[in-house]
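The numbering used here puts the sequence shown at residues 6 to 97.
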Amino acid sequence: MSRKKRPVNPEDMPPLQRLREAADLTQAQLASRIPDKSRTKTLSRQVISGWERGEYEPELTIPQTKALCRALGVSLDDLPDDFGPPIRTLLT
Numbered sequence: 006m007s008r009k010k011r012p013v014n015p016e017d018m019p020p021l022q023r024l025r026e027a028a029d030l031t032q033a034q035l036a037s038r039i040p041d042k043s044r045t046k047t048l049s050r051q052v053i054s055g056w057e058r059g060e061y062e063p064e065l066t067i068p069q070t071k072a073l074c075r076a077l078g079v080s081l082d083d084l085p086d087d088f089g090p091p092i093r094t095l096l097t
């Protein structure tokens, strides 16, 4: 059974997901455009998913960072400082 996409408020989306979707890329497509650190293969969809979930912080080499910027169609300054979900603060 396939999952139905629910409309999501862009403010609730991880910044990397917003950039990726603006570039009309799936997680797998974005991953396939970024070389791994050995430069012999590319990243996996699970890596991109982990970044978007905030599971772990990316540790990218300069070639990987350049590839990410090219794939997303953004400059280095346009990359968010945090790729994961927005942090929610509770008002008391």
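Each residue gets a CB set at the ideal place from its N, CA and C atoms; glycine is no exception.
Straight-line Cα distance separating residue j from residue i
i: residue 87; j: residue 40; result: 20 Å
i: residue 54; j: residue 92; result: 17 Å
i: residue 32; j: residue 48; result: 10 Å
i: residue 80; j: residue 61; result: 22 Å
i: residue 34; j: residue 14; result: 23 Å
Which listed residue (the options) has its alpha carbon closest to that of residue i
i: residue 50; options: 25, 84, 83, 71; result: 25
i: residue 44; options: 18, 76, 69, 16; result: 69
Sub-8 Å separation of residue i and residue j beta-carbons
i: residue 28; j: residue 89; result: no
i: residue 30; j: residue 85; result: no
6 Å CB neighbourhood of residue i in its chain, flanking five on each side removed
i: residue 73; result: 39
i: residue 56; result: 21, 63, 88
i: residue 75; result: none
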